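>
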Amino acid sequence: MGDLRQRRGGHGLPADAVSEPKVSSFPSDDGLRKRRRGSHHTSVPKVTPLVIGFVLFYALFLATVGHYHTWLPDPRGLDAPSDVFSEARSRVVLDTIMSFGYRPVGSKANDELTPQYLLSQINEIKSNAVDDVRIEIDVQRPTGAFGLNFLEQFQNIYANVTNIVVRVSSATPDGREDANGTDALLISSHYDAAIGAGAASDDGVSIAIMVELLRYYSRQPPKHAAIVFNFNGAEETILQAAHGFITQHKWTQDIRAFINLEAAGAGGRELLFQTGSDELALAYAEGAKYPHASIIAQEVFQTGVIPADTDFRIYRDFGAIAGMDFAYIANGYVYHTRLDDTSRIQPGAIQRLGDNLVGVIHHLVNEPATNRRKIHLHFTGPAFLHIYIDAKKTRLTSWSIGEGVNGPVPSTEGTYILQFATGIPPASFHFWIEAESNAPIEIGLTGHFLEERTTQMQEFLDALPSWVHVAEIVSTWRSQVI
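When we follow the numbering used here, the leftmost residue of the sequence shown carries the number 11, and every step to the right adds one.
Spelled out as structure tokens, the structure:
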């Protein structure tokens, strides 16, 4: 029994084989938690000064661009002096026009109320004009037709549409004649509306701006060119009134350039999105107080991808004159909808466009007139070419002929010679020349071919002995007046 008890107590093992329980080699729960916390802490990357600097720069850049994109000047009030443009005065005109209701062509608001109100404003401005300004008013109601490829080719026929046309110029001492000569700048916008559209921005605000510009120039007449304002009443019916004006009105023969005011949105910064001459682009760059233009917008718009057009096209194509096309483009979702109301036009938007127009118009009508002409030449011609530019008091301003140009070299007073050689007969020429003069400018081209003979050259060769060999060199001359 004793032996049995001994075996049970020792579980059948010797006494010296019994030991203390072994400690496990696995870490405890507390150890695991500590290790995990330590590993997580070391895996978080450190924020370097470079990353912080980039984030700060990017935030500053976005803030600057956003501020510049939305910034508008402070509007001037009703008590602003007459020698500055006032947004508040323009808003009075706009609010009155908007009070007439929807203005589609054929409605009472468009065909009666708005023209009557505009004429009352124009006559009031005329009565308060300074003595050395002349203001002429003409209400035109043209009838006509023209073909137009807009979306599809069609014939656009119209009858008795309305243009309210005003000419502002410096007056002679007796106040009865235009002292500016015949040159004139056209400023145009329309007061009619698309069907169902509120038309505060398209194009009521432009009409209001034109009234304020007329008020401005009635107190400060243009010095070297007249200004013609066309308040037209039929643009949304596919450019009808502009066609009637540019093809039929008596003053169109004097117009040398135009400014068209439009909208494809409401409020914000206006955009110069079309222009047609280097001189106008330069006038905008130098005259606009807050310039905002885009050549990309012009290229895209003129591809026809956007199913829209403006009176710019009519004045350009039917009047053969260069111009500038301005438009409000912000908030485009209101375009041609009832949402196009005055609340969308932020304070300062009218002031901005007005100040820009005053600067550009001042640059165009108050600078001495010059007879600047630009000619583009496209032809296949001789390998060696001389270009003679002859006019009295000519100033050759710029040219583009490629390599090998020597000039301008004034050989005599009023004459320039440009020389060009390719060494490849015949050569394909595409270049332009621009010059200024108070008289017609004559362009003469002389060249040397290696492949043709004129009658005179052949007569000369026939007179030579038979043993004489002459290289086939021919001189030609072409003259063009620009």
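We treat Cβ as the ideally placed atom computed from N, Cα and C, and that holds for glycine.
What you are looking at is a predicted structure, and each value in this text was computed from that prediction instead of being measured.
Leaving out five residues before and five after residue 166 in sequence, what residues of the same chain have Cβ atoms less than 7 Å from its Cβ?
The answer, listed in chain order, is 155, 156, 158, 248 and 250.
> Going by DSSP in three states, residue 149 sits in which element: helix, strand or coil?
The answer is strand: DSSP assigns residue 149 an E or B state.
> Could you pull out every unbroken alpha helix (DSSP H) segment of at least 4 residues lying fully inside the region 296-321, listed in chain order?
Segments of the alpha helix (DSSP H) lying fully in the region 296-321: 305-312.
> Could you compute how far the alpha carbon of residue 215 sits from the alpha carbon of residue 67?
Each residue's Cα considered, the two are about 39 Å apart.
> Using alpha carbons as the reference points, say which of 361, 359, 239 and 171 lies closest to residue 145.
Nearest C-alpha to residue 145: 239.
> From residue 131 to residue 331, what distance separates their C-alpha atoms?
About 29 Å.
> What does DSSP give as the partner residue(s) for residue 262 in the beta ladder?
Answer is none; residue 262 lacks a bridge partner.
> Quick one: measure Cβ to Cβ for residue 149 and residue 255, integer angstroms, because I've assumed they're closer than 8 Å.
Actually they are not in contact, since the Cβ atoms of residue 149 and residue 255 sit about 12 Å apart, beyond 8 Å.
> Taking only the alpha-carbon atoms, compute the straight-line gap between residue 346 and residue 109 and give it to the nearest angstrom.
Whole-angstrom Cα-Cα distance: 18 Å.
> CA-CA distance, residue 461 and residue 327?
Unreliable placement is indicated for residue 461, whose pLDDT of 45 sits below 50; the coordinate value is still reported in the next sentence. Looking at the two C-alpha atoms, the distance is approximately 40 Å.
> Going by the CB atoms, is the gap between residue 200 and residue 162 shorter than 7 Å?
No, these two residues do not count as a Cβ contact at 7 Å.
> Inspect the CB distances between the region 280-288 and the region 201-220 and report whether three or more fall short of 8 Å.
With the cut-off at 8 Å, the region 280-288 and the region 201-220 do not touch.
> Could you give the distance in angstroms between the alpha-carbon of residue 308 and the alpha-carbon of residue 354?
When rounded, the distance between both Cα atoms is 25 Å.
> I'd like the list of long-range same chain contacts for residue 264, defined as Cβ closer than 8 Å, with 5 residues on each side in sequence excluded.
So the list reads 192, 193, 194, 236 and 238, once near-sequence residues are dropped.
> Just mark residue 184 as buried or exposed, buried being the case when its beta carbon has 16 or more other beta carbons within 10 Å.
Exposed is the call here.
> When we look at the beta-carbon of residue 138 and count the other beta-carbons within 10 Å, is it buried (16 or more) or exposed?
Exposed: under 16 other Cβ atoms inside 10 Å.
> Roughly how far, in whole angstroms, is the beta-carbon of residue 143 from the beta-carbon of residue 180, given that I think they are within contact range, below 8 Å?
Indeed, because the Cβ distance is near 7 Å, the residues count as touching under 8 Å.
> Give me the DSSP bridge partner(s) of residue 200.
According to DSSP, residue 200 bridges with 242.
> Cα separation between residue 113 and residue 334?
Whole-angstrom Cα-Cα distance: 26 Å.
> Taking the alpha helix (DSSP H) that residue 134 belongs to, which residues open and close that run?
Unbroken alpha helix (DSSP H) run through residue 134: 124-137.
> Any contact between the region 208-228 and the region 81-90? By contact I mean 3 or more CB pairs, one from each, below 8 Å.
Counting Cβ pairs under 8 Å, fewer than three are found: no touch.
> If you reduce the DSSP assignment to three classes, tell me which class residue 117 lands in.
It is coil, neither helix nor strand.
> Buried or exposed: which applies to residue 100, given that a residue is buried once 16 or more other Cβ atoms fall within 10 Å of its Cβ?
Residue 100 comes out buried.
> Would you mind giving the Cβ-Cβ distance between residue 286 and residue 342, rounded to the nearest angstrom? I have them listed as a contact below 8 Å.
Not really, about 24 Å apart at Cβ, beyond 8 Å.
> DSSP state of residue 90, grouped into three classes?
Coil, per DSSP.
> Helix, strand or coil for residue 230, going by three-state DSSP, please let me know.
The answer is coil: DSSP assigns residue 230 none of H, G, I, E or B.
> Within 8 Å, do at least three Cβ pairs link the region 217-236 to the region 287-297?
No contact exists between the region 287-297 and the region 217-236.
> Taking C-alpha atoms, which residue in 206, 182 and 218 lies nearest to residue 198?
Considering only alpha carbons, the answer is 218.
> What are the start and end residues of the beta strand (DSSP E) that includes residue 174?
173-180 is the span of the beta strand (DSSP E), which, as asked, contains residue 174.
> Can you look up residue 248 in the DSSP assignment and give me helix, strand or coil?
In this structure, residue 248 counts as coil in the three-state DSSP scheme.
> List the endpoints of the continuous beta strand (DSSP E) containing residue 335.
It spans 332-338 - the beta strand (DSSP E) in which residue 335 sits, taken as one unbroken run.
> How is residue 256 classed by DSSP in three states: helix, strand or coil?
Of the three classes helix, strand and coil, the one that applies to residue 256 here is helix, per DSSP.
> Please state if the CB of residue 81 and the CB of residue 177 are separated by a distance shorter than 7 Å.
In this structure, residue 81 does not lie closer than 7 Å to residue 177 by Cβ.
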